[in-house]
Structures are given as structure tokens and as C-alpha cells.
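Numbering (this note's numbering), first residue to last: -15 to 122.
By construction, the Cβ of each residue, glycine as well, lies at the ideal position given by its N, Cα and C atoms.
Structure first, commentary second.
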């Protein structure tokens, strides 16, 4: 199976769905991608996509790194800079450790713990700062 470039907030990333069993994903992808299984996450191709799951294997959230080539509505993608975020979106807020844009729920750019609250994105980050991870969550 090939991973897709599809990103659906609150639902899926790369053709992997929240609510899916990680064992099913591994079965589909293991012949084409490297898989590193951990207790609460499974890393596909060195972080291209990471699936976070509970002990039973139920996927609760997904992330991708800047090697993932998909984007969401030409507004969000992994590897975008602060300048990109400001250019392609109208509003940006810090929400539960993520940059949430244009009131779109269930998708965000990962923030570090020391930068997880801001009034304005440009007050907190230089315009060349790169958001390496994009997350899809419920």
C-alpha cells in the first residue's frame, strides 16, 4: 500500500485513520515502509508519519514530518515557516500545544513546550522558524 498525501482534520493523515487499529496499518504498510513500533506510538519511515495509539492499538492521533508531501487546502503542511503561516492563513492561535489556523479544528502545527502560548505568532517566532510537524487529532 502506498501512503497518500491526503490530510483530513480530525480524521486521517496519509490514508491512516484515527480510530483504526495500528495492527491493520502495520499489515498494510510493512512491506513498503520501515515500521518502528513503540508502546504508545508507531513510527513509519523515520517519522514520515507517526501514529499514536493506546495499549489496545487504537489510533488516537497522527503526525507527519516535513518529508510528508501533502497539504491541507494549501493552508497547512509540515515544514512550513512562520512566514508561510502568515501568508496562507488569516488567524492563528495557540491551542493545546498546536498552532491552530482559521478556526479549523483537529489539525495543527506542533509547538514546543516553551512556546505554547502566544498573542501573535510573529511575537513568539522569527518569520523563518520552521514547523517540522503537522498533527491531526480529535
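Please report the distance separating the alpha-carbon of residue i from that of residue j.
{"i": "residue 105", "j": "residue 92", "result": "13 Å"}
{"i": "residue 89", "j": "residue 15", "result": "33 Å"}
{"i": "residue 71", "j": "residue 53", "result": "19 Å"}
{"i": "residue 39", "j": "residue 58", "result": "35 Å"}
{"i": "residue 24", "j": "residue 110", "result": "33 Å"}
{"i": "residue 122", "j": "residue -4", "result": "10 Å"}
{"i": "residue 22", "j": "residue 103", "result": "36 Å"}
{"i": "residue 7", "j": "residue 76", "result": "36 Å"}
{"i": "residue 96", "j": "residue 81", "result": "7 Å"}
{"i": "residue 65", "j": "residue -8", "result": "21 Å"}
{"i": "residue 116", "j": "residue 0", "result": "20 Å"}
{"i": "residue 35", "j": "residue 56", "result": "18 Å"}
{"i": "residue 37", "j": "residue 87", "result": "26 Å"}
{"i": "residue 107", "j": "residue 51", "result": "27 Å"}
Quick check: residue i and residue j, are their CB atoms within less than 8 Å of each other?
{"i": "residue 67", "j": "residue 112", "result": "yes"}
{"i": "residue 85", "j": "residue 60", "result": "yes"}
{"i": "residue 26", "j": "residue 10", "result": "yes"}
{"i": "residue 120", "j": "residue 63", "result": "no"}
{"i": "residue 5", "j": "residue 42", "result": "yes"}
Tell me, which residues are paired with residue i by DSSP?
{"i": "residue 78", "result": "83"}
{"i": "residue 0", "result": "-3"}
{"i": "residue 26", "result": "21, 35"}
*Just checking, does the stretch 21 to 35 make contact with the stretch 46 to 54 on the three C-beta pairs under 8 Å criterion?*
yes
_Report the start-end ranges of each beta strand (DSSP E) in the stretch 35 to 67 that is 3 residues or longer and not cut off at the edges._
43 to 48, all fully within the stretch 35 to 67.
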